[in-house]
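Protein chains: 2
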Amino acid sequence: MNNKNKIFIDKLRSSGLRPTNQRVDISRFLFNRKKTFHFTVEQLKNSMNLKRSKKISTATFYNTVHALKSAGYLKEFSLENNTSYYDTNITSHHHFFDNGKVIDIKSDKITFNKLPEAPKGKKIKNVEVVIRLENNN
Amino acid sequence: MNNKNKIFIDKLRSSGLRPTNQRVDISRFLFNRKKTFHFTVEQLKNSMNLKRSKKISTATFYNTVHALKSAGYLKEFSLENNTSYYDTNITSHHHFFDNGKVIDIKSDKITFNKLPEAPKGKKIKNVEVVIRLENNN
DNA sequence: CACTTAGTTTAGAATTATTATAAAGTAGTT
DNA sequence: AACTACTTTATAATAATTCTAAACTAAGTG
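Residue numbers (the working numbering), protein chains in the order written: chain A, 69 to 205; chain B, 69 to 205.
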């Protein structure tokens, strides 16, 4: 079972974090899934703590998520509600936004004909497309 | 001068707002310019109130900006710092993000080869591209 | 033009997301 | 087993935004 957790522990260690129980639980919760996971820290905290007798503190959620994000294991993005969202899919990809709901779009589903040059002295770090949806009436 | 303010007053009226002095001043400040203006409510408040003896309250800035945005005279967008930014350029366009700085990209500078279909029951409202920049080293 | 009313402004309180703090606890080395 | 640096936690602090209620004003009415 230590073996089973190795992958989650490794992510923590390479993010500069000691693999404490709380952190390993968070890492497992985030990365032990087949499908991409989109979440806010508040949502993560609620869904994990709901099932636990010993709750993990808010600060630990924030710290852990930040470190994982800085190490590149999570991707941050923002909607128009002043809350940070995180995505376990760190490969370059795009999003549908539908009333606060987020759906991944695989990178190869969007290709460009024309892209602008970066201003002098700068280079392009990444290109992200957001497709906003509305209901068919 | 009432005539001169007509355009700013009309934007307020068609946003469902009575053209009070405060609101007309805000509307003029926002729209009486040649170039696109990007701002947060806090920035708007500071730059306008700096020059005034009679300050406009925070709530009035928020109310006015919201109404103008809902009426479609302002466009809202978010960076990764949990603050709402607004853009007086409401035409479909894209952005460079460079360390918190925002630069407009004209719509025709980006064209697509391929775009995904909207999920069933949905249609595409708009497509926005963000190109993140970093320094050349 | 005075009157009335619904909409507005404002200061300040409340809320939400997030970050900081400092005391008590624990991982990992010696 | 002991030590030390890193963690956890509850709580306070901060920042952006929204709410509230009392004082104020635009604009329609007679």
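Think of the CB as a built atom: it goes at the ideal place given N, C-alpha and C, for glycine as much as any other residue.
Predicted model only: the values in this text are computed from it and were never measured.
Closer than 8 Å at the beta carbon, the chain A residues around residue i
i              : result
S138 (chain B) : What S138 (chain B) touches in chain A: nothing, since even the nearest Cβ is about 12 Å away.
I158 (chain B) : Simply none; closest approach about 14 Å.
Contact set between residue i and chain B, taken where Cβ atoms lie within less than 7 Å
i              : result
A186 (chain A) : L201
D166 (chain A) : K190
I173 (chain A) : P184
Chain A residues whose Cβ lies nearer than 7 Å to that of residue i
i              : result
N204 (chain B) : G189, K190, K191
V198 (chain B) : E196
S152 (chain B) : E148, N150
N-terminal and C-terminal residue of the beta strand (DSSP E) that residue i is part of
i              : result
I199 (chain A) : 190-203
H161 (chain B) : Taken as a continuous stretch (DSSP letters only), H161 (chain B) belongs to no beta strand (DSSP E), as it is neither H nor E.
D172 (chain A) : 169-174
K143 (chain B) : 143-146
F180 (chain A) : 179-182
Where the alpha helix (DSSP H) containing residue i begins and where it ends
i              : result
H134 (chain A) : 126-138
I94 (chain A)  : 89-99
K113 (chain A) : 109-118
Contacts that residue i makes with chain B (C-beta to C-beta distance below 8 Å)
i              : result
T179 (chain A) : F180, N181, K182
Check: residue i C-beta below 7 Å from any heavy atom of the ligand FMN
i              : result
S138 (chain A) : Here there are no bound small molecules, and the ligand FMN is not part of this structure.
| Taking a cut of 9 Å between CB atoms, which residues from the segment 126-150 of chain B lie near chain A? | So the list reads E144, F145, S146, L147, E148, N149, N150, given in the order they occur along the chain.
| query | If we count Cβ pairs, one from each stretch, closer than 8 Å, do we get three or more for the segment 90-102 of chain B versus the segment 180-191 of chain A? | reply | Cβ pair count under 8 Å is below three, so no.
| field | Members of the segment 106-121 of chain A near chain B, C-beta cut-off 9 Å | value | Result list empty, no residue passes.
| message | Would you call the segment 155-166 of chain A in contact with the segment 154-165 of chain B, where contact means no fewer than 3 C-beta pairs closer than 8 Å? | response | Too few Cβ pairs lie closer than 8 Å, so no.
| message | So, does the segment 113-121 of chain B touch the segment 194-203 of chain A, judging by three or more C-beta pairs under 8 Å? | response | No, they do not touch.
| Is it a yes or a no for the segment 111-118 of chain B touching the segment 168-182 of chain B, going by three-plus beta-carbon pairs under 8 Å? | Here the segment 111-118 of chain B does not lie against the segment 168-182 of chain B, with fewer than 3 beta-carbon pairs under 8 Å apart.
| message | Is it the case that the segment 127-143 of chain B contacts the segment 134-151 of chain A, given that we only count it when at least three CB pairs across the two stretches are under 8 Å? | response | Proximity of the segment 134-151 of chain A to the segment 127-143 of chain B falls short of the contact definition, fewer than three beta-carbon pairs being nearer than 8 Å.
| request: Tell me, please, whether the segment 75-85 of chain B touches the segment 94-103 of chain B by the rule of three or more beta-carbon pairs shorter than 8 Å. | output: As far as the Cβ criterion goes, the segment 75-85 of chain B touches the segment 94-103 of chain B, which means the pair count is three or higher.
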